[in-house]
Structure formats: structure tokens, C-alpha cells
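One structure is given below, encoded as C-alpha cells.
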Amino acid sequence: MLFLKKEDIEKCFDMRAAMDASLEALKIYSEGRATIPLRTNIPVPNAEGQSLYMPGYVECDNGKDALGVKIVSVYPKNIEKNIPSVPATMVVLDAETGIVNAMIDGTYLTQLRTGAVQGAATELLARKDAKIGALIGTGGQAEGQLWAMLTARDLTEVRIFDIDFERASAFAKEMSDKYDVNMIPTKTAQECVEGADIITSVTTSKQPTFSSEWVKKGAHINGVGAYTHNMCEIPREIIKEADVVIFDTMDGVLQEAGDFMQPLEDGYVSKEKYKGELGELGLGKSTGRKHDEDITIFKTVGSAVLDVYVAQKMVEQAKEKNIGLTV
915 MLFLKKEDIE KCFDMRAAMD ASLEALKIYS EGRATIPLRT NIPVPNAEGQ SLYMPGYVEC
975 DNGKDALGVK IVSVYPKNIE KNIPSVPATM VVLDAETGIV NAMIDGTYLT QLRTGAVQGA
1035 ATELLARKDA KIGALIGTGG QAEGQLWAML TARDLTEVRI FDIDFERASA FAKEMSDKYD
1095 VNMIPTKTAQ ECVEGADIIT SVTTSKQPTF SSEWVKKGAH INGVGAYTHN MCEIPREIIK
1155 EADVVIFDTM DGVLQEAGDF MQPLEDGYVS KEKYKGELGE LGLGKSTGRK HDEDITIFKT
1215 VGSAVLDVYV AQKMVEQAKE KNIGLTV
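Each residue of the sequence shown is one higher than the last, beginning at 915 in the numbering used here.
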């Protein structure tokens, strides 16, 4: 069995590889060649926690099908023990034999593939000449989102907003040391968003994190954080105004993302407003940006198809480069 820690993955699998794998996974999903059951959530009341299991099977064109399950636990009291409150592990199986052949750091896998799917969408939907990025939220997913935006487009400036300005400033300074891009912490969301070519919101906010009035023509927007019915980080006005609205998976977004479910339920927008899935766009079965002035939106809530397929590609690369611990 192969064990891959975060440091192992970093040696053999970068954001470019993750973006390519994520788009391929969603293309396979949109073709109906993946089996992704609903995740199983097991409450653990004695520990005030819960354990979630996200299995999946993906048919791959190279004949090496992907099979696996990501296990994510939510144990808030772990913080008192100085251990992660949301530990995650990806278990990879050999699809030919059903035998477990690898275990991967699921926390880093999630961060990487969540950034990567946004990056794949940004690459397909944002203007080619995009130069200014806006990042709203500096939590655990923020760096992956930033890395993906910078991989998708040659940005010269990224504005960073968080409800805690000190946190935004610290994040901007840390990222300035990693990337040769001007990182600007902003005190207001308006200052962050106005004039930006690419806007990425990665928060669990129950209120829109910016106003539609601040979005310039031609901008591309990524909604990454909201994943429950009561979370609502993307303003409904910009959803209605947008020329293109694309999801990672139609079923997932319309079951989990409040900012896109609520306008539909209220009759503010019709389902026809939602143009399709990123995989369909990648296959040429859905239409993306037509004009430079178009406003485009991508929403992701994540799917086990991304975990299973990206993990399979990580294992293939690690074995090819002899990286990781084999037991």
C-alpha cells in the first residue's frame, strides 16, 4: 500500500495537473460514466462529532478506472486536544481487484481539488486578458483558490478581503512571499471587487459577500464557499444579470448551494438561467463566454468524482516518480 502525505503530493502533483484532472473528472461525470452515491453521514454523539463517507467509481479512458472513498470527520472538540477538527483521509482502491492500494492526505487533496475545479472553470470562462483578481475569504481553502486563479490567468494584482482586516493583511503578506504578484489587502469588499476581472468568494456567509453593482462588465465570478441551503455568498442580482451560469454538478448545486437554490425557489430566476455543468462546457455541449463584456459565473459544491479521479492521478504520478511510503 502507498501512503502519500501532503509533502509527497507536492513533489509529484501541482495545480496544473490538478486542474486538468478535475476538468476530466467532470467531463466523465457529465457523460454518465461515474457512479457517485450520496455521502453517508454517521453522527457520533458521545464525541459530539460526525463522520462522513464519500465513495465513488469513475470510468477512465486509459483503462485504469478510479475507485475510492474519502472519509471526512467533523469533531469540533478536537481543537481542545490540539489536533485537526476536520481530519480527512482518501482511500484508493484498485478497481480491477477491489483491494486498497493507497491512502492519501485527504485534507490537502480537498484543498487542491477545490482550488483546481475553480481554476479549470476560470480558464474556460474568464477573459483571456484578465489581470486583476479579487479573493474574498482567507480561510483554509483560500490559498488553493489563489493558486488556481494565478495558474488559470497571468494576473498582476490580487485584492484580498476578509471580515478581519488583520487576517487579510497577514494572508496577503504570506502570499506575497510565495507568488510574484501584487497582493493588496482591502478594508472593504467594495474596494476588493470593483474593477476586478476575476472574483472568487470562498466563505460560509449567509449574506452576499459583495454587491452586484460593484461587478464590472466582462468579469468572471467563482462561488466556492456556500454549501448549505442557508449559505448565500453570491448576490442573486448578479446571478440574474449574468450571461453564463455554470455549475460543477447540477444535482449537487441545486441540492446544497443556498445562493443558487433560493432565487430559483422564489421564482426570481428560472432554471433555464443555469446553463449546465463544467464537464458539458469542457465537452463542447454547453456554451460559455461569447463576448468580452459577458459576465460569467461558476459555482462549485464539490463532488466525490473529483476526489476519486484526482486521487487516482496522484497515485499514478507518485508511483511513476517513486514518491511516497510503500508498505
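All C-beta atoms, glycine included, are put in the ideal place defined by N, C-alpha and C.
Boundaries of the alpha helix (DSSP H) harbouring GLN1025: 1020 to 1039, taken from the DSSP string. With 16 or more neighbouring CB atoms inside 10 Å of its own CB, GLY1029 falls in the buried class. Listed as beta-bridge partners of PHE1075 by DSSP are ILE1050, THR1100. For GLN1059, the three-state secondary structure derived from DSSP is helix.
Of the other Cβ atoms in all chains shown, 16 or more fall within 10 Å of the Cβ of THR1214; this residue is therefore buried. Annotation for ILE1237: no beta strand (DSSP E) segment contains it, and DSSP assigns it neither H nor E.
Going by DSSP, MET915 is part of no beta strand (DSSP E) at all; its letter is neither H nor E. Between LYS925 and ILE1237, the CB-CB gap stays under 8 angstroms. The shortest CA-to-CA distance from VAL1095 to any of LYS1042, GLY1202, GLY1033, GLY1047 is the one to GLY1047. According to DSSP, GLN964 shares a beta bridge with PRO957, VAL988. Under a 10 Å Cβ-count criterion, LYS1189 is classified as buried, with 16 or more other Cβ atoms of the shown protein chains found around its own Cβ. According to the DSSP assignment, LYS1154 belongs to no beta strand (DSSP E) but to the alpha helix (DSSP H) extending over 1150 to 1155. Within the DSSP secondary-structure output, THR1114 pairs in a beta bridge with LEU1049, ASN1136. In the structure shown, ILE1013 adopts coil according to DSSP, grouped into three states. By DSSP's assignment, GLY1190 forms a beta bridge with ILE1160. For ALA1082 against THR1117, the beta-carbon gap comes to about 12 angstroms, at or over 8 angstroms, which does not count as contact.
Within the DSSP secondary-structure output, TYR971 pairs in a beta bridge with THR949, LEU981. CA-to-CA, the gap between SER1115 and LYS1154 works out to about 18 angstroms.
Contact between the region 1002 to 1020 and the region 1079 to 1093 is absent: fewer than three C-beta pairs spanning the two stretches fall below 8 angstroms. LEU940 is positioned such that its CB atom lies no closer than 8 angstroms to that of LEU981.
In this structure, GLY1166 lies away from ASN1144, with their beta-carbon atoms at least 8 angstroms apart. Bounds of any beta strand (DSSP E) do not take in LYS1130, whose DSSP letter is neither H nor E.
For MET1145, DSSP records no beta bridge to any residue. Within the DSSP secondary-structure output, LYS1213 pairs in a beta bridge with GLY1137, PHE1161.
Closest in C-alpha terms to GLY1198, from the list ILE1113, GLU1207, SER944, PRO1122, comes SER944. Under the three-state reduction of DSSP output, LEU1178 falls in the helix class. Going by DSSP, ASP1008 is part of the beta strand (DSSP E) stretching over 1002 to 1008. Relative to ASP1078, the option among GLN1059, PRO1099, VAL988 whose CA is nearest is PRO1099. When C-alpha distances from THR954 are compared across LYS1233, ALA1218, GLU1230, the shortest belongs to ALA1218.
When rounded, the separation of the alpha-carbon atoms in GLY1058 and GLU973 is 27 angstroms.
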